[in-house]
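Asker: Sharing a structure, written as structure tokens. Questions coming.
Residue numbers (the working numbering): 1176 to 1603.
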């Protein structure tokens, strides 16, 4: 198919292009309670072609450069390929941006991911994760209502008109499950997971924790009063808050001025009373989708910005080395045991209906589904209702972390995070 597309590109007179040849095999399992309801297997190949077109700059100087992408399938005949590419070439002139150089050419042999998830049969891996998911589901009062598991193995090849030809394999498992408790109130909590290895132990622990949470949610009271609290977050919400830093350090945020960060800036602020942030960007793939080689980068050291990351175009505009856009964050900070972290008056919010971190404003929050109101004596009362509305601008100087660790496909670091002085709307 690659040769057919190259021929079509030549027939259409398109000199600058990039191809992303992606083949994905998936095994999908769907459960109702612990009974397998549906099983599906897929093997799909798609080639995304991006064409670049230079157009005259009305202000003179370097031409403007436009780009448009189109997805091509093996089932398309040669005439259809030319039709799709001609349409993309025509549209590219209307998406013109200031000129930028394309990524430097890269060539390397296939990089194959190793390990059971990448090498074992998909059905076998899906079965292992299903057993891990249901391992703690052994009680009648709280149970896994339904679950979906997706195991995917991909092969990616990136080619370009300037000589890039690199390829690699990858594998991930992701899914979701719903836990339910019927007494004293019938409630459900939706959970998601994503791992880049067959981490059955982590999934078992996540499900066991979720079953405990849904039991407490069923008996939680609406007694939370409005005010400022020391907020404790754990697991995915803690990772979501820390995503603010790689988001603000992205070239596509800095170039248009949405973020004013510069290399070396003390982006955590001055007079830090808590942990001085040490964060890394982790390469989940050996190459970006543009064929830019990726490797782990130091993002923050002592709260100071060490790297700007992003797509080739925006990095070129900023005059920094193109790195690719990173998805995985590593937090190197550590602290007290989690039980100690949540001592004293605080609100440990564990599940939300929709928890978000806004990299533009620095605000984070969501509607509380379950939290624990912890008093001075350590007594924890399950509560529900109300919402969190915090500002990381105000709170980042005093962040505290747990010594326990947490890991998912896009985060590794402390399980718990304590933030002082967060506004909470009551749920009475």
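We put the CB at the ideal spot given by N, CA and C, even for glycine.
Because the structure is a prediction, the values reported are computed rather than measured.
#1: Just to confirm the assignment: which complete beta strand (DSSP E) runs, minimum length 3, are found wholly within the region 1197-1261?
#2: Leaving out five residues on either side along the sequence, give the residues of the same chain with a beta carbon under 8 Å from the beta carbon of residue 1403.
#3: Among 1268, 1580, 1510 and 1544, whose alpha-carbon lies nearest the alpha-carbon of residue 1522?
#4: Assign residue 1345 to one of three DSSP states: helix, strand, or coil.
#5: Taking 8 Å as the threshold (C-beta atoms), are residue 1588 and residue 1505 in contact?
#6: Relative to the alpha-carbon of residue 1577, which residue among 1553, 1509, 1177 and 1554 has its alpha-carbon at the smallest distance?
#7: Going along the chain, which unbroken runs of the beta strand (DSSP E) with 3 or more residues stay wholly within the region 1355-1415?
#8: Would DSSP call residue 1192 helix, strand or coil?
#9: What are the residues that DSSP puts in a beta bridge with residue 1286?
#10: State yes or no: is the beta carbon of residue 1365 nearer than 8 Å to at least one beta carbon in chain D?
#11: The beta strand (DSSP E) spanning residue 1449 covers which residue range?
#12: Spatial neighbours of residue 1391 within its chain, please: CB distance less than 8 Å, with the 5 preceding and 5 following residues excluded, ordered by chain position.
#13: List the endpoints of the continuous alpha helix (DSSP H) containing residue 1582.
#14: State the start and end residues of the unbroken beta strand (DSSP E) segment that holds residue 1547.
#15: Look up residue 1526 in the DSSP assignment and give the residues it is bridged to.
#16: Just verifying my parser: in three-state terms, what is the DSSP assignment at residue 1321?
#17: Please name the residue, chosen from 1507, 1358 and 1579, that lies closest to residue 1409 on a Cα-to-Cα basis.
#18: Return the first residue and the last residue of the alpha helix (DSSP H) that residue 1184 is part of.
#19: Reducing DSSP to helix, strand and coil, say where residue 1271 ends up.
#20: Going by beta carbon distance, what residues of the same chain come within less than 6 Å of residue 1312, once the five residues before and after it are set aside?
#21: Give me the Cβ distance between residue 1513 and residue 1430, rounded to the nearest whole Å; I'm assuming they're in contact under 8 Å.
#22: Using 10 angstroms around the beta-carbon of residue 1335, count the other beta-carbons present and answer buried if the total reaches 16, otherwise exposed.
#23: Go ahead and pull the three-state DSSP assignment for residue 1463.
#24: Where residue 1573 and residue 1276 are concerned, what is the direct C-alpha to C-alpha distance, given to the nearest angstrom?
#25: For the putative contact between residue 1377 and residue 1297, defined by C-beta atoms under 8 Å, what is the C-beta separation to the nearest angstrom?
#26: Would you list the one or two residues that DSSP bridges to residue 1505?
#27: Could you tell me which residues DSSP pairs with residue 1468 in its beta bridges?
#28: Once the 5 residues before and after residue 1221 are set aside, which same chain residues still bring their CB inside 6 Å of it?
#29: Got a sec, what are the start and stop residues for the beta strand (DSSP E) residue 1565 sits in?
#30: Per DSSP, what kind of secondary structure is residue 1497 in: helix, strand or coil?
#31: Please state if the CB of residue 1195 and the CB of residue 1241 are separated by a distance shorter than 8 Å.
#32: Taking three-plus beta-carbon pairs below 8 Å as touching, is the region 1444-1461 in contact with the region 1473-1483?
#33: Are there 16 or more other CB atoms within 10 angstroms of the CB of residue 1469, so buried, or fewer, so exposed?
#34: Cα-Cα, which of 1559, 1575 and 1564 is closest to residue 1362?
#35: In three-state terms, what does DSSP make of residue 1330?
#36: Using the beta-carbon count (16 or more within 10 Å), is residue 1416 buried or exposed?
Answerer: On the basis of the coordinates in this document:
#1: The region 1197-1261 contains these whole beta strand (DSSP E) runs: 1210-1230 and 1239-1248.
#2: Cβ within range, chain order: 1596, 1597, 1598 and 1599.
#3: When only C-alpha atoms are compared, the closest one is 1544.
#4: Looking at residue 1345 - three-state DSSP - the assignment turns out to be strand.
#5: Residue 1588 sits close to residue 1505, with the two beta carbons spaced by under 8 Å.
#6: Checked all of 1553, 1509, 1177 and 1554; the closest Cα to residue 1577 is 1509.
#7: Contiguous beta strand (DSSP E) elements confined to the region 1355-1415 occur at 1362-1370 and 1402-1409, taking only those with 3 or more residues.
#8: In the structure shown, residue 1192 sits in a strand (DSSP, three-state: E or B).
#9: Beta-bridge analysis with DSSP links residue 1286 to 1343.
#10: The structure shown has no chain D; it contains just one protein chain.
#11: Taken as a continuous stretch (DSSP letters only), residue 1449 belongs to no beta strand (DSSP E), as it is neither H nor E.
#12: Around residue 1391: 1545, 1547 and 1557.
#13: No alpha helix (DSSP H) holds residue 1582; the beta strand (DSSP E) holding it covers 1580-1583.
#14: Element bounds for residue 1547: 1538-1549.
#15: Answer is 1545.
#16: DSSP places residue 1321 in strand when its eight states are reduced to three.
#17: The candidate whose alpha carbon is nearest that of residue 1409 is 1579.
#18: For residue 1184, the enclosing alpha helix (DSSP H) starts and ends at 1177-1186.
#19: Residue state for residue 1271 is assigned as strand, using DSSP reduced to three classes.
#20: So the qualifying residues of the chain are 1318 and 1319.
#21: At roughly 39 Å, the Cβ-Cβ gap does not stay under 8 Å, so residue 1513 and residue 1430 are not in contact.
#22: Answer is buried; the Cβ neighbour count reaches 16.
#23: Correct three-state label for residue 1463: coil.
#24: Approximately 42 Å, taken between the alpha carbons.
#25: At roughly 20 Å, the Cβ-Cβ gap does not stay under 8 Å, so residue 1377 and residue 1297 are not in contact.
#26: Bridge pairing for residue 1505: 1455 and 1587 [DSSP].
#27: Answer is 1462, bridged to residue 1468.
#28: For residue 1221, where only same-chain residues beyond five positions count, the Cβ hits under 6 Å are 1197 and 1246.
#29: Segment 1562-1566, the beta strand (DSSP E) holding residue 1565.
#30: Looking at residue 1497 - three-state DSSP - the assignment turns out to be coil, as it is neither helix nor strand.
#31: No, the Cβ-Cβ distance between residue 1241 and residue 1195 is not below 8 Å.
#32: Enough Cβ pairs lie closer than 8 Å, so yes.
#33: Label assigned to residue 1469: buried.
#34: For the residues 1559, 1575 and 1564, the minimum Cα distance to residue 1362 belongs to 1559.
#35: In this structure, residue 1330 counts as strand in the three-state DSSP scheme.
#36: Buried, by the Cβ-count rule.
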